[in-house]
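This report concerns only the one structure given below.
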Amino acid sequence: MEAPAARYVPGEPGAVPTSPTSSSSPSSPSSSVTPFEAVVQSPEQMLELGRRLAKLLRPGDLVMLNGELGAGKTTLTRGLGEGLGVRGAVTSPTFVIARVHPSLVEGPPLVHVDAYRLGGGLDEMEDLDLDVSLPDSVIVVEWGEGKVEELTDDRLHVVIHRAVGDTTDEVRHVTVTGLGERWASVELGVLSA
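Heads up, the sequence shown is in our numbering, so the first residue is 3 and it goes up one at a time.
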């Protein structure tokens, strides 16, 4: 039986793990890491979550970001870029599809991909040569579900839920799930530190 996901509310001192009310994590036979869940209440907290997540990343990591439009995928990626110490402003690559941000601190470059406008699976993604970039880079793909899983069995799956409709609600529910051997020994609970 799988342990409950760690739940963290940024800004609340002494936040304790709780059981999630529902699971939005992808199931996979190679998934062996307890998902991490966070309630993020502002763009600044989403940036901070990205900075903390960057400390877990290394060359060869694939991060898939999924969530509604405006959920905070690019904001999280901006935090990843800050945490990785990369050059250039991390902005949505919607119209250029992919941007490479070289490291300023001798770390891996960040390859930021927006697959929203790409309809096909990996075939349509091949022109981006992500498989060539993957061993030396951290690749973050927004809207990558169903499109980039074939790149590697080892990936980090991040789902961001937000209230939809006409709302100014800034609250986001983030679930981070590690898949594959790479993430089997990584304690995602450190994201709450």
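We put the CB at the ideal spot given by N, CA and C, even for glycine.
Spatial neighbours of Asp171 in its chain, beta-carbon cut-off 8 Å, leaving aside the 5 residues before and after = Excluding sequence neighbours, Asp171 sits near Arg164, Ala165.
key: Span separating the alpha-carbon of Ser194 from that of Ala40   = Spanning the two alpha carbons is a distance of roughly 8 Å.
request  = Consult DSSP for Gly182 and reduce its assignment to one of helix, strand or coil.
outcome  = Coil, per DSSP.
request  = Note down the Cα distance separating Gly85 from Gly148, rounded to an integer number of angstroms.
outcome  = Between the alpha carbons of Gly85 and Gly148 lies a distance of about 27 Å.
request  = Give me the Cα-Cα distance between Gly72 and Arg101, rounded to the nearest whole angstrom.
outcome  = Between Gly72 and Arg101, the C-alpha separation is close to 19 Å.
Assigned exposure category for Thr169 - 16 Cβ within 10 Å defines buried = When all chains shown are included, Thr169 counts as exposed.
query = So which of Ile99, Glu70, Val142, Leu106 has the shortest CA-CA distance to Gly90?
reply = Of Ile99, Glu70, Val142, Leu106, the residue nearest in Cα terms is Leu106.
task = With a threshold of 16 other CB atoms inside 10 Å of the CB of Ala56, please say whether the residue is buried or exposed.
result = By the neighbour-count criterion, in which 16 or more other beta carbons inside 10 Å mark a residue as buried, Ala56 falls on the buried side.
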